[in-house]
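Protein chains in written order, with full-length UniProt numbering: chain A, 1 to 352; chain V, 1 to 352.
All residues carry an ideal CB built from backbone N, CA and C; glycine is no exception.
Written as structure tokens, this is what we have:
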């Protein structure tokens with residue numbers, strides 16, 4: 001009988017190979033981690049590692065696909081700081097509705113980097129236009145790559161709260177029991193959390209615009225929609241100094257939250273399709289032909305490991321090429337050509 | 001010796017388990033296919049499949065994650081058609097620079113759905129404002145989910161051309177040999193192709209704006225940047241009927257192409273990190289402790305299949321939970337509790 005529970009954790013560092021979690025979480029983590037590689041600042045890319053077994057790259061650094069929230073915020077502050085300074089220096093080359101010099105500069109930065117682009121302040125010289133072009137190209141990358149991390153952090157925090165509230169009446173166990181039982185529904189909860197956050201941001205926006213900018217309800221709602229979608233027609237925007245200070249924070253959170261909402265919506269869609277496939281593969285009957293195909297060592301029987309590889313290939317989690325690549329390494333290690341790896345093979349390989 | 005070459009294709013339908021391709025392509029395919037699930041129109045989601053081994057869902061339909069280009073274009077045409085009709089009907093509730101009624105309506109649709117939002121035509125009534133809000137929310141999803149497919153199709157076509165041109169002098173073999181040898185660099189080429197396409201679109205835009213809209217070079221360049229990033233300040237936009245007809249096609253291709261360019265940039269980044277990890281896992285020396293951990297059936301030796309599972313877990317491709325879930329199915333099938341699956345087990349299971 002296969003004793004699969006005995007397998008030890010493979011990597012002691014943090015990373016995608018986290019054995020203590022459920023399959024669904026791992027699927028999400030893997031997918032998410034891909035996005036988080038993307039969200040890592042470009043400065044982290046330089047992994048000049050020699051492919052040498054003696055000096056392996058630090059797995060922690062390789063798997064460290066989540067730049068810390070602090071890093072993200074520092075990066076954002078730096079980016080906004082430099083932008084504000086630049087546009088403050090060329091403030092006389094900007095035209096449109098103006099309030100305070102510094103406030104207008106930072107407001108212009110945020111409106112530009114989020115691609116809202118109201119047009120209530122626009123560059124009016126070659127230099128300022130070029131500056132705006134550079135700022136928006138880099139800003140798009142920043143919003144897409146860095147701020148997703150901040151949004152995820154916030155959603156994860158709020159999600160836990162939501163899960164607790166939902167189950168307040170059902171369970172009164174500890175947090176650990178609760179979160180462990182609920183991780184399976186995590187995408188659904190993240191989606192729900194993002195939706196609630198989005199609605200709160202929209203309501204706050206409508207209320208603020210109604211009072212501070214004296215919009216009627218419909219215009220305030222229209223301006224909110226036009227802003228968080230980054231449409232920014234510009235017929236209605238923040239025109240007062242107070243409004244623009246509020247706008248800086250509100251525009252950043254609104255646009256990022258909506259983008260994250262769409263991301264979770266897509267995740268949810270993927271998830272539901274994958275679970276149908278998973279169920280089908282797991283419940284499908286094994287035929288004699290399958291048995292033959294899965295029999296890697298041609299001994300007319302399937303070991304637990306052979307069965308696992310067959311099913312994982314069927315699920316599309318691994319490919320035949322993955323298996324082939326790894327098996328090449330196996331043949332090199334199997335020094336005595338017995339078809340199996342033993343402690344002797346390892347010591348033989350080390351002595352040679 | 002393991003006879004791994006004997007393994008038959010597991011699914012006869014098209015799908016991620018395509019054995020004829022290289023590992024890199026599979027990695028990309030898998031990742032891409034995730035995005036393509038996302039890009040599938042929502043109408044395709046309804047897979048009301050019973051989890052019944054006797055009536056499996058059609059794998060082709062499950063794996064059909066790429067909606068055809070025709071479908072995408074029909075969907076886009078429908079969406080634009082309905083939008084144009086709506087905004088044509090409320091054309092007197094739009095204010096701003098106007099040319100021809102129909103042209104303005106379709107131009108307004110494209111400017112709205114891509115979130116460029118110049119503001120040269122804006123809704124001026126509650127009805128038209130609400131219409132614009134609905135249109136931009138659905139448009140964002142459409143551009144993100146559907147048009148990525150069209151962009152990918154085009155980039156793939158152009159990529160092949162690029163690869164051929166690059167190797168025209170190096171090789172004169174058949175196309176098949178060429179593409180097979182080059183698939184490993186596919187993300188790099190896709191990125192390069194998107195970059196070239198983007199530059200062409202930008203140059204065409206600058207030339208058109210200079211002649212048709214009488215912009216000077218800097219203003220034309222500024223308007224091009226402001227448009228493809230969906231910033232759309234609106235101080236410079238398409239004001240003539242001819243310009244707007246051109247704008248409809250140009251804005252759609254420009255914004256989608258830039259988004260795809262950023263997507264490939266992120267892919268490239270992920271790819272380079274993953275290949276470092278892959279190399280490290282494949283060249284890392286196996287220790288006695290690893291041997292113990294990988295030994296699923298506790299027979300003090302590693303079969304090829306056990307080794308494969310261990311290395312794939314190390315790469316993060318599969319999780320312990322994946323293995324555990326599949327092994328549960330194995331135990332159910334192993335009717336005679338021999339620890340292996342044989343033809344007898346299968347016939348016993350069928351008779352019971």
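| request: Note down the Cα distance separating residue 187 of chain A from residue 264 of chain A, rounded to an integer number of angstroms. | output: 7 Å
| For a contact meaning CB atoms closer than 8 Å, what does residue 300 of chain A contact in chain V? | 342, 343
| said: If I follow the unbroken alpha helix (DSSP H) through residue 282 of chain A, where does it start and stop? | reply: 241-283
| query | Any Cβ of chain V within less than 7 Å of the Cβ of residue 335 of chain A? | reply | no
| query | Between A:260, A:308, A:349, which lies nearest to residue 324 of chain V when the distance is taken from Cα to Cα? | reply | A:308
| field | Cβ neighbours of residue 294 of chain A in the same chain (closer than 6 Å, five flanking residues each side left out) | value | 302, 306, 310
| Through-space distance from residue 326 of chain V to residue 290 of chain V, alpha-carbon basis | 22 Å
| task | Buried or exposed for residue 334 of chain V, please, with buried defined as at least 16 other CB atoms from any protein chain shown within 10 angstroms of its CB. | result | buried
| field | Among V:84, V:127, V:255, V:280, the one whose alpha carbon lies nearest that of residue 100 of chain V | value | V:84
| request: Within the same chain, show all residues whose beta-carbon is closer than 7 Å to that of residue 243 of chain V, passing over the 5 residues directly before and after it, in chain order. | output: Taken in chain order, the residues that qualify are 212, 213.
| message | Can you pull out the residues from the segment 237-253 of chain A whose beta carbon lies closer than 8 Å to at least one beta carbon of chain V? | response | none
| query | Between A:250, A:245, A:292, which lies nearest to residue 229 of chain A when the distance is taken from Cα to Cα? | reply | The shortest Cα separation from residue 229 of chain A among A:250, A:245, A:292 belongs to A:250.
| query | Beta carbon of residue 191 of chain V: closer than 6 Å to some heavy atom of the ligand ADP? | reply | The ligand ADP is absent from the structure shown, which contains no ligands of any kind.
| query | Under 7 Å between C-beta atoms, does residue 202 of chain A make it to chain V? | reply | no
| task | Take the Cβ of residue 112 of chain A as the centre, count every other Cβ of all protein chains shown within 10 Å, and call the residue buried at 16 or more, exposed below. | result | With 16 or more other Cβ atoms from the protein chains shown falling within 10 Å of its own Cβ, residue 112 of chain A counts as buried.
| query | Do three or more CB pairs link the segment 217-225 of chain A to the segment 85-97 of chain A at distances below 8 Å? | reply | no
| task | With distances taken Cα to Cα, identify the nearest neighbour of residue 193 of chain A among A:153, A:322, A:127, A:241. | result | A:153
| request: Tell me whether residue 95 of chain A sits in a helix, a strand or coil according to DSSP, three-state version. | output: Taken through DSSP and simplified to helix, strand or coil, residue 95 of chain A comes out as strand.
| Nonlocal neighbours in the same chain, by C-beta distance under 6 Å from residue 108 of chain V, ignoring five residues either side | If the five residues before and after residue 108 of chain V are omitted, its C-beta is found closer than 6 Å to the C-beta atoms of 87, 121, all from its own chain and listed in chain order.
| field | C-alpha gap between residue 271 of chain V and residue 90 of chain V, whole angstroms | value | 49 Å
| message | Just checking: is the beta-carbon of residue 303 of chain A within a distance shorter than 7 Å of some beta-carbon in chain B? | response | Absent from the structure: chain B. Protein chains present are A and V.
| Status (buried if at least 16 other CB within 10 Å, exposed otherwise) for residue 319 of chain A | buried
| message | Is it buried or exposed, residue 132 of chain V, if we count other Cβ atoms within 10 angstroms and call 16 or more buried? | response | buried
| Within chain V, partners of residue 112 of chain A - CB distance below 7 Å | 231
| request: Would you please state the rounded distance, in angstroms, between the beta carbons of residue 119 of chain V and residue 235 of chain A? I believe it to be under 8 Å. | output: The Cβ separation is near 6 Å, so the contact holds.
| task | Give the residues of chain V in contact with residue 306 of chain A, contact being defined as C-beta atoms less than 7 Å apart. | result | 305
| message | Whole angstroms are fine: how far does the CA of residue 98 of chain A sit from the CA of residue 37 of chain V? | response | Any reading at residue 37 of chain V must be qualified, since the residue scores a pLDDT of 29, below 50, and its modelled position is unreliable; the value itself is stated next. About 46 Å.
| said: Give me the chain A residues within the contact set of residue 318 of chain V, using Cβ-Cβ distance strictly less than 7 Å, ordered along the chain. | reply: For the C-beta of residue 318 of chain V, the chain A residues within less than 7 Å are, from N- to C-terminus, 312, 317, 318.
| request: Quick one: which residues of the segment 201-227 of chain V get their C-beta closer than 8 Å to a C-beta of chain A? List them in chain order. | output: 218, 219, 221, 222, 225, 226
| said: As an exercise, report each continuous beta strand (DSSP E) stretch of at least 3 residues that is fully enclosed by the UniProt domain "Potassium channel" (75-155) of chain V, in chain order. | reply: 94-96, 121-123
| query | Are the C-beta atoms of residue 109 of chain A and some chain V residue less than 7 Å apart? | reply | no
| task | Please say whether residue 201 of chain A and residue 125 of chain A have beta carbons closer to each other than 7 Å? | result | no
| said: Run through chain V and tell me which residues come within less than 8 Å of residue 288 of chain A, C-beta to C-beta. | reply: 343, 346
| said: Rounding to the nearest angstrom, what Cα-Cα distance links residue 140 of chain V and residue 258 of chain V in this structure? | reply: One C-alpha to the other measures close to 15 Å.
| chain V contact residues for residue 133 of chain A, given Cβ-Cβ distances below 7 Å | 222, 225
| query | How many angstroms separate the CA atom of residue 102 of chain A from the CA atom of residue 217 of chain A? | reply | The straight-line gap separating the alpha-carbon atoms of residue 102 of chain A and residue 217 of chain A is approximately 30 Å.
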